[in-house]
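Report on one structure; see the data block that follows.
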Amino acid sequence: MKEKFVRLTKPLLLACMALTYWVTIDIASLLFFGEYEYPKNPNEQ
């Protein structure tokens, strides 16, 4: 049981770290470049 838990926890931790890193980059881009614009869908224009 413990081995399964450890196997599941590692990718979960990695995903959490990646998400935190992504959010930090988003906040930094908001601060440095003002308003952060998401890429627009060409079909909506």
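Counted the way the working numbering counts, the sequence shown spans residues 1062 to 1106.
Here a beta-carbon is modelled for each residue, glycine too, at the ideal position from N, C-alpha and C.
Margin query: For Ile1086 and Ala1076, what's the separation of their Cα atoms in angstroms?
Written below: For Ile1086 and Ala1076, the distance between alpha carbons rounds to 15 Å.
Notebook entry, point to check: Would you report the Cα separation of Ser1090 and Phe1066, rounded to the nearest angstrom?
Noted result: Looking at the backbone, the Cα of Ser1090 and that of Phe1066 are separated by about 36 Å.
Next item on the list: Hey, could you find the ends of the alpha helix (DSSP H) Met1078 is sitting in?
Entry: Lys1063 to Phe1094
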